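Numbering (this note's numbering), first residue to last: 53 to 341.
We put the CB at the ideal spot given by N, CA and C, even for glycine.
Everything numeric in this text was worked out from a predicted model, so none of it was measured.
Below you can see the structure in the form of structure tokens.
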């Protein structure tokens, strides 16, 4: 079955970026001139997703507004002769069919995914983290979907991590099948370095099948008193094949301040309108330091 839907949990508080995220969702932080969440949605759409389900919380209404029409702004831009900008702003609302689901309690990322169950239904779906970017061609999600279509089974995006990074990721256990594709047997959420089953950490996104919801319903609260998606996937992997793809592309954890700066610099340098003068500025700055 074709994957048409994407679930993006965006209900978190964004405490790593306080005080900037005191009143502004971390997903609305700009990378160059677009909010992080727009990059995530654009990747999903470029990969073939038609319906985007944002799992939000009470302070996140601005996300809904961003993906809606802004008639007053559009009219003002048109009246000023700024039709290119008007069209660009309007296009944001037309990227996909947007649905919003509230996560009423902060019970973890697994609970957030479970909140989307009634909208997803009995279909396979993509699940993307709202503060994780990968610059790649083809898009990271398209790479995962190609693996899903081959094996008709859940797929996790993974990358190689250092031992001192283990407690930031879910780390998979598995066996290599072919170049960059692994058969996944287990995933351990935020293990201690000595407990790492491999050096492959889960990042960015998954392609999941609807049977994951049954496992999420049975998942008990784990670390921090939260329901972790990784814990549900452990039990799912015990009863059906699951895979992991070591994707190709440059990944940015834009919830991390240093990587957020990396994303702004590197993506700005790739822009034809900004790259050359920005590169010249950086060379001059480096010479002066």
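Rounded Cβ spacing between residue 307 and residue 78 (contact assumed at less than 8 Å):
Taking the first residue of the chain shown as position 1, residue 307 is located at position 255. Taking the first residue of the chain shown as position 1, residue 78 is located at position 26. Contact holds; Cβ gap of about 6 Å.
Inter-residue CB distance, residue 83 and residue 319 (contact presumed, cutoff 8 Å)
The residue given as residue 83 occupies position 31 in the chain shown. The residue given as residue 319 occupies position 267 in the chain shown. Correct: roughly 6 Å between the Cβ atoms.
Quick one: complete beta strand (DSSP E) runs, 3+ long, within the stretch 127-162?
149-154
Compute the beta-carbon to beta-carbon distance between residue 259 and residue 200, rounded to the nearest angstrom, for a pair I have assumed lies under 8 Å.
By one-based count along the chain shown, residue 259 stands at place 207. By one-based count along the chain shown, residue 200 stands at place 148. Right, their Cβ atoms sit about 4 Å apart.
To the nearest whole angstrom, what separates the beta carbons of residue 193 and residue 63, a pair I think is in contact under 8 Å?
Here residue 193 is taken as the residue at index 141 of the chain shown, counted from 1. Here residue 63 is taken as the residue at index 11 of the chain shown, counted from 1. So it is not a contact: roughly 21 Å between Cβ atoms.
First through last residue of the beta strand (DSSP E) which encompasses residue 258:
For the purposes of this step, residue 258 is identified with residue 206 of the chain shown, where counting begins at 1. Start and end: 252-260.
Give the range of the alpha helix (DSSP H) segment to which residue 333 is assigned.
In the chain shown, counting from the first residue as 1, residue 333 sits at position 281. Looking at the DSSP string, the run of the alpha helix (DSSP H) that includes residue 333 is 327-340.
Cβ of residue 187 within 7 Å of Cβ of residue 301?
By 1-based counting over the chain shown, the position of residue 187 is 135. By 1-based counting over the chain shown, the position of residue 301 is 249. Yes, the Cβ-Cβ distance between residue 187 and residue 301 is below 7 Å.
Tell me whether residue 74 counts as near the ligand ZN, meaning its Cβ is closer than 6 Å to at least one heavy atom of that ligand.
In terms of ligand content, the structure shown is empty, and the ligand ZN therefore cannot be addressed.
Can you tell which of 293, 185, 323 has the C-alpha that lies nearest to the C-alpha of residue 311?
Taking the first residue of the chain shown as 1, we reach residue 311 at position 259. Ranking the options by Cα distance to residue 311, first place goes to 185.
Among 171, 104, 128, which one has its Cα closest to the Cα of residue 144?
Within the chain shown, residue 144 is the residue found at index 92, counting from 1. Selected option, being the one with the closest Cα: 104.
For residue 234, list the residues DSSP reports as bridge partners.
Taking the chain shown and counting its residues from 1, one reaches residue 234 at position 182. Per DSSP, 228, 296.
Measuring only the C-alpha atoms, how far is residue 225 from residue 153?
Walking along the chain shown from the start, residue 225 turns up at place 173. Walking along the chain shown from the start, residue 153 turns up at place 101. Cα to Cα, the separation comes out at about 32 Å.
Under 8 Å Cβ to Cβ from residue 276, same chain only, skipping five residues before and after it: list those, please.
Numbered from its first residue, the chain shown carries residue 276 at position 224. Correct list, in chain order: 160.
For residue 116, which residues from the same chain have a beta carbon less than 6 Å from its beta carbon, with the 5 sequence-adjacent residues on both sides left out?
Within the chain shown, residue 116 is the residue found at index 64, counting from 1. Cβ within range, chain order: 152.
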